[in-house]
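> In full-length UniProt numbering, the protein residues as written are 1 to 182. Ideal Cβ placement from N, Cα and C applies to all residues, glycine included. Bear in mind that the values here come from a model prediction, so they are computed numbers and not experimental data. To start, I am sharing the structure in question, which I have written as C-alpha coordinates.
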(Lines of atoms letter the chains of each structure in order from A and count residues from 1; the text may use other names and numbers.)
(Lines give C-alpha, C1' and ligand atoms only; values in the text may rest on other atoms or scores of the structure.)
Protein backbone atom coordinates (compact mmCIF):
# COMPACT_ATOMS: atom_id res chain seq x y z
CA UNK A 1 0.00 0.00 0.00
CA UNK A 2 1.30 3.43 -0.92
CA UNK A 3 2.18 6.30 1.33
CA UNK A 4 -0.13 9.25 1.74
CA UNK A 5 1.37 12.54 0.59
CA UNK A 6 1.16 15.24 3.22
CA UNK A 7 -0.35 18.17 1.27
CA UNK A 8 1.07 20.75 3.69
CA UNK A 9 4.59 19.42 3.21
CA UNK A 10 4.24 19.05 -0.55
CA UNK A 11 2.79 22.51 -1.21
CA UNK A 12 4.36 24.53 1.61
CA UNK A 13 7.38 22.56 2.82
CA UNK A 14 10.65 24.40 2.43
CA UNK A 15 12.64 21.27 1.64
CA UNK A 16 10.29 20.59 -1.27
CA UNK A 17 10.44 24.23 -2.38
CA UNK A 18 14.23 23.96 -2.49
CA UNK A 19 13.87 21.33 -5.21
CA UNK A 20 13.72 22.18 -8.91
CA UNK A 21 10.35 22.30 -10.65
CA UNK A 22 11.11 18.99 -12.37
CA UNK A 23 12.00 17.24 -9.10
CA UNK A 24 8.82 18.62 -7.49
CA UNK A 25 6.69 17.41 -10.40
CA UNK A 26 8.24 13.94 -10.29
CA UNK A 27 7.83 13.62 -6.51
CA UNK A 28 4.20 12.38 -6.35
CA UNK A 29 4.51 9.42 -8.74
CA UNK A 30 7.89 8.39 -7.33
CA UNK A 31 6.81 8.75 -3.71
CA UNK A 32 3.57 6.87 -4.32
CA UNK A 33 5.55 4.01 -5.88
CA UNK A 34 7.29 3.41 -2.53
CA UNK A 35 6.20 0.61 -0.25
CA UNK A 36 4.44 0.97 3.10
CA UNK A 37 7.70 1.90 4.81
CA UNK A 38 8.52 4.59 2.24
CA UNK A 39 11.21 2.46 0.57
CA UNK A 40 11.75 2.27 -3.15
CA UNK A 41 14.23 0.28 -5.21
CA UNK A 42 16.07 2.63 -7.56
CA UNK A 43 15.70 0.57 -10.72
CA UNK A 44 15.40 3.71 -12.82
CA UNK A 45 14.26 2.07 -16.06
CA UNK A 46 11.47 0.21 -14.22
CA UNK A 47 10.50 3.35 -12.29
CA UNK A 48 10.15 5.36 -15.49
CA UNK A 49 7.91 2.68 -16.95
CA UNK A 50 5.83 2.28 -13.79
CA UNK A 51 5.52 5.92 -12.73
CA UNK A 52 5.48 7.78 -16.04
CA UNK A 53 3.93 5.27 -18.44
CA UNK A 54 1.06 7.59 -19.44
CA UNK A 55 3.23 10.66 -20.01
CA UNK A 56 3.48 11.91 -23.60
CA UNK A 57 7.14 12.67 -22.90
CA UNK A 58 8.41 10.53 -20.01
CA UNK A 59 11.48 11.74 -18.14
CA UNK A 60 14.93 10.53 -19.05
CA UNK A 61 16.99 8.36 -16.72
CA UNK A 62 19.22 11.38 -16.06
CA UNK A 63 16.24 13.50 -15.00
CA UNK A 64 14.97 10.84 -12.60
CA UNK A 65 18.44 10.24 -11.12
CA UNK A 66 18.90 14.02 -10.84
CA UNK A 67 15.59 14.28 -8.99
CA UNK A 68 16.67 11.63 -6.49
CA UNK A 69 19.92 13.52 -5.94
CA UNK A 70 17.89 16.66 -5.21
CA UNK A 71 15.69 14.74 -2.77
CA UNK A 72 18.87 13.53 -1.06
CA UNK A 73 20.39 17.04 -0.95
CA UNK A 74 17.19 18.49 0.48
CA UNK A 75 16.87 15.81 3.14
CA UNK A 76 13.78 14.23 1.58
CA UNK A 77 15.38 10.86 0.82
CA UNK A 78 18.10 8.64 2.23
CA UNK A 79 19.84 6.60 -0.50
CA UNK A 80 21.53 3.33 0.37
CA UNK A 81 22.79 0.11 -1.18
CA UNK A 82 21.65 -3.35 -0.20
CA UNK A 83 22.71 -6.60 -1.87
CA UNK A 84 24.13 -4.68 -4.84
CA UNK A 85 20.94 -2.68 -5.46
CA UNK A 86 20.27 0.95 -4.68
CA UNK A 87 17.29 1.94 -2.55
CA UNK A 88 15.63 5.12 -1.40
CA UNK A 89 14.10 5.62 2.03
CA UNK A 90 11.83 8.64 1.74
CA UNK A 91 11.45 10.89 4.75
CA UNK A 92 7.81 10.62 5.74
CA UNK A 93 5.70 11.33 8.77
CA UNK A 94 4.63 8.12 10.54
CA UNK A 95 0.98 9.20 10.34
CA UNK A 96 1.26 9.30 6.53
CA UNK A 97 2.28 5.65 6.34
CA UNK A 98 -0.29 2.89 6.07
CA UNK A 99 -1.38 1.54 9.44
CA UNK A 100 -0.39 -2.00 8.44
CA UNK A 101 2.45 -3.02 6.15
CA UNK A 102 2.17 -5.91 3.71
CA UNK A 103 4.39 -8.96 3.46
CA UNK A 104 5.97 -7.38 0.39
CA UNK A 105 6.67 -4.18 2.38
CA UNK A 106 8.55 -6.25 4.96
CA UNK A 107 10.68 -7.80 2.20
CA UNK A 108 12.26 -4.47 1.27
CA UNK A 109 15.67 -4.04 2.90
CA UNK A 110 15.89 -1.61 5.79
CA UNK A 111 18.45 1.17 5.46
CA UNK A 112 21.64 0.64 7.50
CA UNK A 113 20.43 1.62 10.97
CA UNK A 114 23.40 3.63 12.26
CA UNK A 115 23.78 5.59 9.00
CA UNK A 116 20.04 6.15 8.74
CA UNK A 117 19.76 7.38 12.34
CA UNK A 118 22.71 9.71 11.74
CA UNK A 119 20.95 11.00 8.60
CA UNK A 120 17.71 11.60 10.50
CA UNK A 121 19.61 13.62 13.12
CA UNK A 122 21.72 15.46 10.53
CA UNK A 123 18.94 17.82 9.52
CA UNK A 124 20.10 20.67 11.76
CA UNK A 125 17.38 22.18 13.96
CA UNK A 126 18.60 25.70 13.25
CA UNK A 127 17.88 25.23 9.53
CA UNK A 128 14.72 23.15 9.82
CA UNK A 129 12.12 24.92 7.80
CA UNK A 130 14.44 27.73 6.71
CA UNK A 131 14.78 27.87 2.95
CA UNK A 132 18.14 28.41 1.29
CA UNK A 133 16.79 31.72 0.02
CA UNK A 134 15.92 32.85 3.54
CA UNK A 135 19.31 31.76 4.84
CA UNK A 136 20.99 33.94 2.19
CA UNK A 137 18.50 36.83 2.22
CA UNK A 138 20.94 39.51 3.40
CA UNK A 139 23.40 38.64 0.62
CA UNK A 140 20.61 38.58 -1.99
CA UNK A 141 19.13 41.89 -0.88
CA UNK A 142 22.52 43.61 -0.86
CA UNK A 143 22.81 42.88 -4.60
CA UNK A 144 19.58 44.72 -5.40
CA UNK A 145 20.28 48.26 -6.66
CA UNK A 146 18.67 50.85 -4.40
CA UNK A 147 17.77 54.42 -5.16
CA UNK A 148 18.48 57.18 -2.64
CA UNK A 149 15.77 57.23 -0.03
CA UNK A 150 14.56 53.69 -0.79
CA UNK A 151 15.47 51.29 1.97
CA UNK A 152 14.32 47.97 3.29
CA UNK A 153 12.55 48.43 6.58
CA UNK A 154 12.64 45.84 9.29
CA UNK A 155 9.68 45.67 11.64
CA UNK A 156 9.14 43.82 14.86
CA UNK A 157 6.16 41.57 15.55
CA UNK A 158 4.03 44.49 16.70
CA UNK A 159 4.65 46.25 13.38
CA UNK A 160 6.87 49.05 14.67
CA UNK A 161 9.73 50.13 12.42
CA UNK A 162 13.10 49.31 13.94
CA UNK A 163 15.81 49.79 11.33
CA UNK A 164 17.09 49.12 7.84
CA UNK A 165 19.06 45.90 8.33
CA UNK A 166 21.19 46.31 5.22
CA UNK A 167 22.57 49.82 5.18
CA UNK A 168 24.07 52.50 7.34
CA UNK A 169 21.53 54.85 8.91
CA UNK A 170 20.01 56.90 6.10
CA UNK A 171 19.14 60.56 6.29
CA UNK A 172 15.52 59.81 5.47
CA UNK A 173 13.52 56.62 5.46
CA UNK A 174 10.17 56.37 3.77
CA UNK A 175 7.68 54.21 5.68
CA UNK A 176 5.09 52.80 3.27
CA UNK A 177 2.67 52.20 6.15
CA UNK A 178 2.16 55.86 6.96
CA UNK A 179 3.51 57.42 3.75
CA UNK A 180 5.98 59.64 5.60
CA UNK A 181 9.74 60.13 5.67
CA UNK A 182 11.31 59.44 9.06
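For residue 51, tell me which candidate among 62, 34 and 66 has the shortest Cα-Cα distance.
Within the chain shown, residue 51 is the residue found at index 51, counting from 1. The candidate whose alpha carbon is nearest that of residue 51 is 34.
> Distance check for residue 49 and residue 123, CA to CA, integer angstroms please.
Against the chain shown, residue 123 aligns to sequence position 123. Against the chain shown, residue 49 aligns to sequence position 49. If you take the alpha carbons of residue 123 and residue 49, they lie about 32 Å apart.
> Counting beta carbon pairs with one atom in the segment 35-49 and one in the segment 100-107, are three or more of them shorter than 8 Å?
Output reads yes: the segment 35-49 touches the segment 100-107.
> Which complete alpha helix (DSSP H) runs does the segment 3-44 hold, if anything under 4 residues is left out?
Segments of the alpha helix (DSSP H) lying fully in the segment 3-44: 7-12, 14-17 and 21-32.
> So, at 7 Å on beta carbons, what are the nonlocal neighbours of residue 68 in its own chain, with the 5 sequence-adjacent residues on each side left out?
Position 68 of the chain shown, counted from the start, is the residue given in the question as residue 68. 42, 77, 79 and 88, listed in sequence order.
> Spatial neighbours of residue 23 within its chain, please: C-beta separation below 6 Å, excluding the five flanking residues on both sides.
On the chain shown, position 23 is the one that residue 23 refers to. 67 and 70.
> Which whole-angstrom value describes the C-beta separation of residue 5 and residue 29, a residue pair presumed to lie in contact below a C-beta threshold of 8 Å?
Here residue 5 corresponds to residue number 5 of the chain shown, with the count starting at 1. Here residue 29 corresponds to residue number 29 of the chain shown, with the count starting at 1. Contact flag wrong, Cβ pair sits at about 11 Å.
> From the DSSP output, in three-state form, read off residue 101 for me.
Indexing the chain shown from 1 puts residue 101 at position 101. In this structure, residue 101 counts as coil in the three-state DSSP scheme.
> Among the candidates 32, 59 and 9, whose CA atom is the shortest distance from the CA of residue 44?
Sequence index remark: in the chain shown, residue 44 carries index 44 (1-based). Taking only the C-alpha atoms, the option nearest residue 44 is 59.
> Rounded to whole angstroms, what's the CA-CA distance from residue 86 to residue 114? Just pull it up for me.
For the purposes of this step, residue 86 is taken as the residue at position 86 of the chain shown. For the purposes of this step, residue 114 is taken as the residue at position 114 of the chain shown. C-alpha separation (whole angstroms): 17 Å.
> Determine the closest residue to residue 90 out of 121, 65, 75 and 9, with distance taken between C-alpha atoms.
Within the chain shown, the letter at position 90 stands for residue 90. Ranking the options by Cα distance to residue 90, first place goes to 75.
> Output needed for residue 83: all residues of its chain with C-beta closer than 8 Å, excluding positions within five of it in sequence on either side, in chain order.
Position 83 of the chain shown, counted from the first residue, corresponds to residue 83. Result list for residue 83: 109, in chain order.
> According to DSSP, is residue 85 helix, strand or coil?
Here the question's residue 85 lines up with position 85 in the chain shown. Residue 85: strand per DSSP, three-state reduction.
> Just curious, the alpha helix (DSSP H) that residue 119 is in, first and last residue?
Translated into the one-based positions of the chain shown, residue 119 becomes position 119. That run of the alpha helix (DSSP H) goes 113-121.
> Quick check: residue 65 and residue 26, are their CB atoms within less than 8 Å of each other?
Within the chain shown, numbered from 1, the residue matching residue 65 stands at position 65. Within the chain shown, numbered from 1, the residue matching residue 26 stands at position 26. Result no, Cβ atoms of residue 65 and residue 26 do not sit closer than 8 Å.
> In the DSSP assignment, what are the bridge partners of residue 76?
The residue you call residue 76 lines up with position 76 of the chain shown. Answer is none; residue 76 lacks a bridge partner.
> Quick one: what does DSSP say residue 90 is sitting in, helix, strand or coil?
Locating residue 90 in the chain shown gives position 90, where the first residue counts as 1. Strand at residue 90.
> Measuring only the C-alpha atoms, how far is residue 31 from residue 46?
In the chain shown, the residue the question calls residue 31 occupies position 31. In the chain shown, the residue the question calls residue 46 occupies position 46. For residue 31 and residue 46, the distance between alpha carbons rounds to 14 Å.
> With distances taken from CA atoms, which of 7, 72 and 100 is nearest residue 20?
Start at 1 with the first residue of the chain shown, and residue 20 comes out as number 20. Checked all of 7, 72 and 100; the closest Cα to residue 20 is 72.
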